[in-house]
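The structure appears right after this line, and notes come after that.
Here you go:
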């Protein structure tokens, strides 16, 4: 019976030692669990911040895409306007060429008319001089009669 008591005491001591070890391991596990909870909370906080950042970036991206589409539409309109203006410019250039030719023709006609006016003016002066001479002769003839 002593042997049994000693055996039971020995087993009790081993069980107490094992229980003490398990309590230590449990305490360590509890500390680790607390650290993991803190790390998890920090990670959740970081994750929530990242999610918010992603949502903000998605919103900014949507706005950028909208602006891009608006600019693309404006660019298309400007390209259409530019094409129309290019066509109009070509038409105006043709009109300018025609008007330039007409201007040169008109200038030539004006020069011809000016030359004719100058010639007729000179001829008129000669006629007026001849008229004056004839009138002078006519007056002399009248006075001699």
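In the UniProt record's numbering, the protein residues as written are 1 to 145. All C-beta atoms in this analysis are idealised placements derived from N, C-alpha and C, irrespective of residue type, glycine included. Small disclaimer: the values here were computed from a predicted structure and weren't measured.
Query, Result
"Can you tell me which of the three DSSP states residue 145 falls into?", "coil"
"Just verifying my parser: in three-state terms, what is the DSSP assignment at residue 1?", "coil"
"Quick check on the DSSP output: what are the complete alpha helix (DSSP H) runs of length 4 or more inside the region 97-132, in order along the chain?", "none"
"With a CB to CB cut of under 7 angstroms and the five nearest residues on each side skipped, what residues in its chain are close to residue 27?", "none"
"Return the CA-CA distance between residue 58 and residue 84, expressed in angstroms with no decimal places.", "39 angstroms"
"Can you find a CB in chain B that lies within less than 7 angstroms of the CB of residue 53?", "Of the protein chains in this structure there is only one, and it is not chain B."
"Just how far apart, CA to CA, sit residue 29 and residue 10?", "28 angstroms"
"Considering only heavy atoms of the ligand FAD, does any lie closer than 6 angstroms to the CB of residue 44?", "For the ligand FAD, the structure offers nothing, since it holds no ligand at all."
"Please return the same chain residues whose Cβ sits closer than 8 angstroms to the Cβ of residue 132, not counting the five positions on each side in sequence.", "none"
"Compute the Euclidean distance between the alpha carbons of residue 100 and residue 121, then round it to the nearest angstrom.", "30 angstroms"
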